[in-house]
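Protein chains in written order, with the working numbering: chain A, 107 to 721; chain B, 107 to 721. Cβ coordinates follow ideal geometry from the N, Cα and C atoms, glycine included.
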């Protein structure tokens, strides 16, 4: 169901009840861009810490607009043994709703816009008919402003934009050149009192003149008048004066109050849908959803706090990420990322490509089963054979399908096997609140409800070199040390992961007298960063001159190697040498007893570090 | 004529010849926003110096996208006694043309987007079919890259993204895990030499693998092969190897060269139209065209230089503006701004509203005459009765009409009167290269070909006060000094212009013991700014947090007063008390002899300062 400003109000109850009755929700967002700073490969360095990654995404991705939001609700129908789906595709645009409302600026990235254009994205629908929204602070401000204006008008001191500390005392000071104008208005109003007309429309005039009229009339005629600013079709504003008795005045005030309340709700707009999702507490499923979650919170709840750079930079980074995790848990208490799920045992061995489109295809094949779904009447049903990828509603829909297939697959390990695993099953709890981290070699996910994994990086070197160097120079430099993996940091530095930790010292010794390049251990690099002056740290990303054109050609890393390949940190992912058959002996409870471990199956790579296998 | 990426190449010769044959050109641009920093009233302070205004516009308006460019050519047909017009409406979008091309980011301002949406602007046409462009530096870089790649491939060292200082020496270093792959490729190529096939399509592979293939084949088979990267429909890249004799090899090289040349021209795209306008040296007319000119140069020629803040801040500002003037004269040697023309004598007295739509209407009425125009066949003709305002092509069209009406009106003062005044007439030279300055009280225009006007500002005070203050507080504070005019600078400061210069000292004395506010003379204010540390100056605008929402309610200035009202600086605009009839006694030559003076007619305000008349 497509939802724009035109049908938003009429659709809201449908949306609310769909959320209310659902077993779980799937979401997806489309944005006006991805990175306003470094190119994506620099934005997502393979050896980022979770703190660094979060900080980079916040700094370089939050100024884009989330302009299409997909929501698909899934409700299991026991009698039909199938899911009933209701997909919604919302178009979002921060249309200023009045003169004093926030005038949002957002960045568009040509490559993202061009990509969406090539997928048939309808920009006119976004910009002409997008649903507005307010975050919580803006909503509170607006409520306050409305309240204030109401009080002031009740006290006869005009509209808030024209209130000054002095203007509430006594009659208005009318500047000389406006005296004639105001006197004429007063005469007209006096005439109104003595004739049979009920209302008087004054000529359109300026804001300043309206202020003077409000003040003068409130002072001269404290009773019996209702004074209101009205807009003509041409958006010219004029004042309408009506003779009213006390009852009529109150009725009008009440009407105005209700109208204001409705305008306020209209302004809050799409945020109300997010509030409903949040309040439902339902499981929210997304695919590679970290950016979706960040954008949703940033746009509809509260701007992700700006990093306030201070001496203990790294500690602060951690506090910053911790803040985000806490906010996320308040807004979305249960999240599940299908890309992370597909990248984890037992799916990891079965799924070669975890991009949404490919995942959806693979999950239709053996050993998985296509879920039985049915789209509710009145909702246009999506056909997965006719891919409508990158329409947010469709992406949310197939993300939900992927989740169902994978969840049901887990049921096949139970004794007896279960064909249907609900969104409330303990079997899927191990996947809760872990958001996939793109292209980090050794940390698969951001753990929203606990501390993050801390992989050892003692086989990693930090190398700085002249900007002419390419990946091949690094291969050549380290050719004596076996296979390496390169993660570019910027034009003149990269992380180089050696396959054997014991080679690190040898590499360090060899480089001692080098002039053109410099090698540090990962530990030295981190120490250096912690000592670094805050200003310098900011500079690394701050002067990227994002509006400048930037011919990039050399910072892509790891040509021809798998994009990521991670080993579980042993303390978290205990590997047990059990076959799927052996592992499927217990009950559902036993199966989930020690969390992730049951989803780890014998790894053909044995004890070798996976991160170096790919090289 | 609507021009998008689809018909751009076919239209180019039509555009070129229209420019070539034209008597003058009219232009207009539509942008994705106006100000990314302060709100517009703060961006355009009534007492900005030309340097300040230019610097603010550059800093806060250049990150928007000029995404629709209107060009209307006007050619006078002597036999028909009318202008033949060719209006073009170009849609512009920086679609990245390949993987290494600039990925432009631009800002959208919700209010501007919403306004254009309300005017029926077609965003899909911009984003899906906009014509790309490159500025001169990008074009040069691309030519260089193409040249370099060509040389390198001729020398057999692969594509530039994979070239390293070491890789041109000897055979490629093939990493262990790719040796099998490369050996298989070599075997296949050897087989190609011994069989009857002419070409061999290798399987799609990674960029790194392609690099290895290029290097290996160039080293192993220095002659008789043509190796080329080709893309499948699915955008997968693979290598095609062809057996060729020397002649065939050269022919293919030539073809490739031509293809590359065409791709390069496609990438330069819309900039070629601007180059043609520039090279033509024709008079370019625009309405309130400063931003159009700045954007056009910034987007299609060279980014307006970033301000490099250094100690002598004010001197630097001037150097900065001087740079801009010089660049402008190179790109557009003859400009004419119809808003400035309409705000100057003799038009000033006759035209009450100089907004484009209103101006166009007023110039149809007595004493002006609607120009006789005819749109060339094949060009959809615009009907001014059906306003299509804010479509750039239409705005350019009516801007041209306004210019013709005003120019012809000047002809009525000649003896004998002339009904047609050409774009080359000396009568209009006084209006050349003077760009209207929006809402500056006492400087009507930016003088592109000379020093700017330097009005006296000794009746101006700079007042700082608590942020709660509104305009009315300032009126009250200065109530003893007669009428004032307020120009807000920011939340806590404003310029206050007194009507009498001799009141300045009294106001200063009165404020001596004030605690809540502070008053400086304009001269003191300027001195203070010059002493100010560079960092602080930058801060004033730099931390405006443009993506933050900002409820503005109090910084609008001068409610109810005319937006601007300026007096000519006497040294430039010498006023002569002659009536139009008296003034129209001489020949055309005599009429233009002392520039602007003939367009000044008796001013009903006599010697009073106009800037205070409005108050």
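Under three-state DSSP, which class holds residue 664 of chain A? Taking the first residue of the first chain as position 1, residue 664 of chain A is located at position 558. The pLDDT assigned to residue 664 of chain A is 30, lower than 50, so where the model puts this residue is not dependable, and the model offers no usable value.
Between residue 184 of chain B and chain A, is any beta-carbon pair separated by less than 7 Å? Position 78 of the second chain, counting from 1, holds the residue named residue 184 of chain B. No, no contact with chain A.
What residues from chain A crowd round residue 214 of chain B, counting only those whose CB sits closer than 8 Å? As a position in the second chain, residue 214 of chain B is number 108, starting the count at 1. By Cβ distance, chain A contributes 138, 171, 211, 212, 213 and 214.
Reduced DSSP secondary structure (H/G/I, E/B, other) of residue 682 of chain A: The residue labelled residue 682 of chain A in the question sits at position 576 within the first chain. In this prediction, residue 682 of chain A has a pLDDT of 29, which is less than 50 and means its spatial position is unreliable; what the coordinates show is noted afterwards. Three-state result, residue 682 of chain A: coil.
Ranges of the alpha helix (DSSP H) found wholly within the segment 432-460 of chain B, counting only runs of at least 4: 444-448
Just mark residue 279 of chain A as buried or exposed, buried being the case when its beta carbon has 16 or more other beta carbons within 10 Å. Taking the first residue of the first chain as 1, we reach residue 279 of chain A at position 173. With fewer than 16 other Cβ atoms within 10 Å, it is exposed.
Is residue 55 of chain A helix, strand or coil when you go by DSSP? Only positions 107 to 721 of chain A appear in this structure, which leaves residue 55 of chain A out of reach.
Could you tell me the distance, in whole angstroms, from the CA atom of residue 94 of chain A to the CA atom of residue 632 of chain A? Chain A is shown only over 107 to 721; residue 94 of chain A falls outside these bounds and no answer can be derived.
Name, please, each residue of chain A whose Cβ falls closer than 8 Å to the Cβ of residue 581 of chain B. Residue 581 of chain B sits at position 475 when you count from the first residue of the second chain. Per Cβ cutoff of 8 Å: 279 and 281.
Could you run through the segment 228-249 of chain A and flag, in chain order, every residue whose CB is less than 7 Å away from some CB of chain B? 228, 229, 230, 233, 234, 244 and 247
For residue 329 of chain B, which option in B:283, B:166, B:606 and B:348 has the closest C-alpha, if you only look at C-alpha atoms? For the purposes of this step, residue 329 of chain B is taken as residue 223 along the second chain, with counting starting at 1. The candidate whose alpha carbon is nearest that of residue 329 of chain B is B:348.
Quick one: any contact between the segment 500-511 of chain A and the segment 206-220 of chain A, if contact means 3 or more CB pairs under 8 Å? no
Determine the DSSP secondary structure at residue 472 of chain A, reduced to helix, strand or coil. The count along the first chain starts at 1 and reaches residue 472 of chain A at position 366. It is coil, neither helix nor strand.
Close Cβ partners of residue 176 of chain A (< 6 Å) along its chain, the five nearest in sequence each way excluded: Taking the first residue of the first chain as position 1, residue 176 of chain A is located at position 70. The answer, listed in chain order, is 134, 195, 498, 499, 501 and 502.
7 Å Cβ cut-off: residues of chain E touching residue 223 of chain B: In summary, chain E is missing from the structure at hand, where the protein chains are A and B.
Buried versus exposed, by CB contacts within 10 Å (16 or more), residue 250 of chain B: Here the question's residue 250 of chain B lines up with position 144 in the second chain. So residue 250 of chain B counts as exposed.
Is the Cβ-Cβ distance between residue 534 of chain A and residue 543 of chain A less than 7 Å? Residue mapping note: residue 534 of chain A aligns to position 428 of the first chain, counting from 1. Residue mapping note: residue 543 of chain A aligns to position 437 of the first chain, counting from 1. No, the Cβ-Cβ distance between residue 534 of chain A and residue 543 of chain A is not below 7 Å.
From A:636, A:295, A:396 and A:197, residue whose alpha carbon lies closest to that of residue 552 of chain A: Here residue 552 of chain A corresponds to residue number 446 of the first chain, with the count starting at 1. Of the listed residues, the one whose Cα sits closest to residue 552 of chain A is A:396.
Assuming residue 130 of chain B is part of the beta strand (DSSP E), what are its boundary residues? In the second chain, the residue the question calls residue 130 of chain B occupies position 24. Where residue 130 of chain B is concerned, the enclosing beta strand (DSSP E) stretches over 130-137.
Please report how far the alpha carbon of residue 232 of chain A lies from the alpha carbon of residue 635 of chain B, in whole angstroms. The sequence position of residue 232 of chain A within the first chain is 126, counting from 1. The sequence position of residue 635 of chain B within the second chain is 529, counting from 1. Whole-angstrom Cα-Cα distance: 44 Å.
Using the Cα positions of residue 307 of chain B and residue 255 of chain B, report the straight-line distance between them to the nearest angstrom. Residue mapping note: residue 307 of chain B aligns to position 201 of the second chain, counting from 1. Residue mapping note: residue 255 of chain B aligns to position 149 of the second chain, counting from 1. Approximately 22 Å between the Cα atoms of the pair.
On the DSSP bridge assignment, give the partners of residue 109 of chain B in chain order. Here residue 109 of chain B is taken as the residue at index 3 of the second chain, counted from 1. Partner(s): B:196.
Under the three-state reduction of DSSP, which class applies to residue 600 of chain A: helix, strand or coil? As a first step, residue 600 of chain A must be located in the first chain, where it is residue number 494. Note: residue 600 of chain A maps to strand in three-state DSSP.
Beta-carbon of residue 219 of chain A versus every beta-carbon of chain B: anything under 7 Å? As a position in the first chain, residue 219 of chain A is number 113, starting the count at 1. Taking Cβ atoms only, chain B reaches closer than 7 Å to residue 219 of chain A, which makes this a yes.
Where residue 545 of chain B falls: helix, strand or coil (DSSP): Counting from one through the second chain, the residue named residue 545 of chain B turns up at place 439. Three-state result, residue 545 of chain B: coil.
Relative to the alpha-carbon of residue 237 of chain A, which residue among A:456, A:450 and A:198 has its alpha-carbon at the smallest distance? Numbered from its first residue, the first chain carries residue 237 of chain A at position 131. Of A:456, A:450 and A:198, the residue nearest in Cα terms is A:198.
Which same chain residues end up closer than 7 Å to residue 697 of chain B when comparing Cβ atoms and leaving out the 5 residues on each side of it in sequence? As a working note, residue 697 of chain B is residue 591 in the second chain. For residue 697 of chain B, the pLDDT reaches just 40, beneath the cut-off of 50, and the residue's location in the model is therefore unreliable, leaving the point undetermined.
Below 8 Å on the Cβ atoms is my contact criterion, and I expect residue 564 of chain B with residue 607 of chain B to pass it. Report the Cβ-Cβ distance as a whole number of Å. Position 458 of the second chain holds residue 564 of chain B. Position 501 of the second chain holds residue 607 of chain B. Contact flag correct, Cβ pair sits at about 5 Å.
Chain B contact for residue 201 of chain A (CB, 7 Å cutoff): Numbered from 1 along the first chain, position 95 holds the residue referred to as residue 201 of chain A. So, interface residue.
Delimiting residues of the beta strand (DSSP E) encompassing residue 203 of chain B: In the second chain, residue 203 of chain B corresponds to position 97, counting from 1. Counting along the chain, residue 203 of chain B falls outside any beta strand (DSSP E), and DSSP gives it neither H nor E.
Please list, in chain order, the chain B residues whose beta carbon lies closer than 9 Å to that of residue 142 of chain A. Within the first chain, residue 142 of chain A is the residue found at index 36, counting from 1. Going along chain B in sequence order, the residues near residue 142 of chain A (Cβ under 9 Å) are 211.
Short of 7 Å in beta carbon distance, which residues of its chain neighbour residue 431 of chain A, apart from the five on each side in sequence? Order them along the chain. In the first chain, the residue the question calls residue 431 of chain A occupies position 325. Same-chain partners within the cutoff: 554.
Counting beta carbon pairs with one atom in the segment 285-294 of chain A and one in the segment 309-327 of chain A, are three or more of them shorter than 8 Å? yes
Compare the C-alpha of residue 311 of chain B against each of B:338, B:573, B:353 and B:327 and name the closest. The residue labelled residue 311 of chain B in the question sits at position 205 within the second chain. Answer by Cα proximity: B:338.
Across the segment 439-454 of chain B and the segment 159-175 of chain B, are there enough close Cβ pairs to call them in contact, namely three or more that are closer than 8 Å? no
Comparing the CB of residue 180 of chain A with every heavy atom of the ligand FAD, is any distance shorter than 6 Å? Absence of the ligand FAD is noted for the structure shown, with no ligands found whatsoever.
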